Amino acid sequence: MALFNHIPPASKSLRVLALLLGYPDAPLRAHWPDLRTALQDEQALPAERLAELSAFIDTLARKPVLEVEADYVEMFDRGRSTSLHLFEHVHGDSRDRGPAMIDLTKTYEQAGLFLGEGELPDFLPVVLEFASTLAPRQAREFLGEMAHIFNAIFAALQKRQSAYAVVLGALLELAGEKASPVEVAAEEPIDAIWQEPVVFDGCSSQGQARPGQPQPIHIVPKAARPAHPSSGAPQ
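Numbering (our numbering), first residue to last: 364 to 598.
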């Protein structure tokens with residue numbers, strides 16, 4: 364029975380996933396081959412997940428640098444459904460978010476881990492770094508408590524056809540779950556968030572009618588210009 368309950372170590376794999384979900388800056392890009400090697404060496408993930416991650420790393424390595432960086436910003440910094448800040452999915456902008464941040468920070472500090480300047484405790488790469496320090500069973504239980512959030516992000520990434528979905532799929536495997544998409548609510552376009560408030564309803568760049576509505580055309584007769592007394596121009 365103990366054989367079936369055995370959970371393989373996944374500390375290296377969790378750190379690799381943390382790095383793959385971080386901003387793809389120059390130091391990280393220089394280590395794409397090392398990340399693949401670490402995953403293969405540990406073998407904490409099924410073969411199909413390892414193949415997906417290997418293909419994902421190849422994709423990142425082939426793309427132009429600016430495209431890789433722009434894709435990351437577009438995917439994770441512009442939209443709540445794919446946010447890597449976990450409490451965004453749980454608490455949103457409510458007052459509960461602050462105390463939850465404090466509690467999670469204390470959890471890290473009790474384990475002897477301290478956040479760097481500007482780091483937030485609910486940022487998924489930080490969460491994975493912490494999980495990588497736990498014993499295999501503890502790590503799986505810790506991640507399993509957040510699996511519903513991982514699954515929601517996974518589904519949102521799939522809906523947007525993002526290659527990053529394979530990283531969340533691998534994470535769900537390490538949390539002891541299957542990567543099963545859930546229904547994701549339609550997200551309001553980013554431009555709509557910044558549109559004029561209701562007080563300006565009825566105005567548009569096309570005139571004083573609502574956008575998309577027929578625009579009235581007013582024809583005003585041009586007044587005759589009086590001739591200059593000394594002008595010889597025809598009237």
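For each residue, glycine too, the CB sits at the ideal point set by N, CA and C.
From a predicted model like this one, the values you see are computed outputs, not experimental measurements.
- With contact defined as three or more Cβ pairs closer than 8 Å, the region 379 to 391 and the region 480 to 493 are in contact.
- Phe486 sits in a strand when the DSSP states are folded into three classes.
- In the same chain as Val453, and ignoring 5 residues on each side of it, no C-beta atom comes closer than 6 Å to its own.
- Residue pairing by DSSP places His394 in no beta bridge whatsoever.
- Each residue's CA atom was taken as its position, placing Glu482 and His369 some 34 Å apart.
- Residue range Ala410 to Arg425 is occupied by the alpha helix (DSSP H) that includes Asp421.
- The region 511 to 522 and the region 436 to 447 touch, with three or more beta-carbon pairs separated by less than 8 Å.
- In the three-state reduction of the DSSP assignment, His454 falls in the coil class, being assigned neither a helical nor a strand state.
- A straight line joining the alpha-carbon of Leu377 with that of Arg523 spans about 24 Å.
- When secondary structure is reduced to three states using DSSP, His511 falls in the helix class.
- Taking 8 Å as the upper bound for CB-CB distance, Glu415 and Gly532 are in contact here, some 7 Å apart.
- As DSSP reads the structure, His448 sits in a beta bridge with Phe486.
- In the structure shown, the three-state DSSP call for Ser376 is helix.
- Linking Ala407 to Ala373 through their CA atoms gives a straight-line distance of about 5 Å.
- Within the same chain, Leu423, Ala424, Val428 and Val431 come within 8 Å of Arg392 by CB-CB distance, once the 5 residues on both sides are set aside.
- Between Ser525 and Asp434, the C-beta spacing is below 9 Å.
- Proximity to Glu437 across Tyr527, Phe493 and Arg500 peaks at Tyr527, based on C-alpha coordinates.
- With 16 or more other Cβ atoms from the protein chains shown falling within 10 Å of its own Cβ, Phe419 counts as buried.
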